Amino acid sequence: MAVVSITETMQYLTFKLAEEVFALDITKVREVLEFSSVTKIPRTPVFMRGVINLRGSVVPVIDMRLKFGMTQTQKSVNTCVIIVEITLGSEKTVLGAL
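Numbering (full-length UniProt numbering), first residue to last: 1 to 98.
In structure tokens, the structure reads:
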């Protein structure tokens, strides 16, 4: 009898915040967008930068640098928004990570 070995490979999207490298499971990433403007929402946490219109859907955008206790993200040619699908409780939602 032959022994069969199965190796599962995971893929990640990596990105840098300051000098730290972070990774997201690629199966949760929908797309990566060039950073444009966001519409600010009053009375939201400081890390909530606002919302964007993504093909007719309102998508909240959070500043990951602020969420991790760093300084606010400054717009540059390398700044982008990673659109991810996350599960909150039993509901799936789409979120933009800046």
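Every residue, glycine too, gets a C-beta built ideally from N, C-alpha and C.
The structure displayed is predicted, hence computed values, not measured ones.
Residue i in three-state terms, based on DSSP
i: residue 48; result: strand
i: residue 16; result: strand
i: residue 41; result: coil
i: residue 79; result: coil
i: residue 26; result: helix
i: residue 54; result: strand
For residue i, the nearest candidate out of the options (CA to CA)
i: residue 62; options: 77, 41, 8 and 26; result: 41
i: residue 25; options: 5, 83, 2 and 48; result: 83
i: residue 58; options: 10, 96, 73 and 19; result: 96
i: residue 10; options: 66, 20, 28 and 17; result: 28
i: residue 36; options: 17, 13 and 54; result: 54
Neighbourhood of residue i by C-beta, 7 Å cutoff - its chain only, sequence neighbours within 5 removed
i: residue 33; result: 80, 81 and 83
i: residue 38; result: 49, 50, 51, 52 and 61
i: residue 66; result: 46, 47 and 72
Environment of residue i [buried if 16+ CB atoms lie within 10 Å]
i: residue 98; result: buried
Same chain only: Cβ atoms within 6 Å of residue i, ignoring 5 sequence neighbours per side
i: residue 21; result: 14
i: residue 18; result: 70
C-beta neighbour in chain B for residue i, strict 9 Å
i: residue 55; result: In the structure shown, chain B does not exist; there is a single protein chain.
### Query
Below 8 Å, can you find three or more Cβ-Cβ pairs linking the segment 29-47 to the segment 62-78?
At 8 Å Cβ cutoff, the stretches touch.
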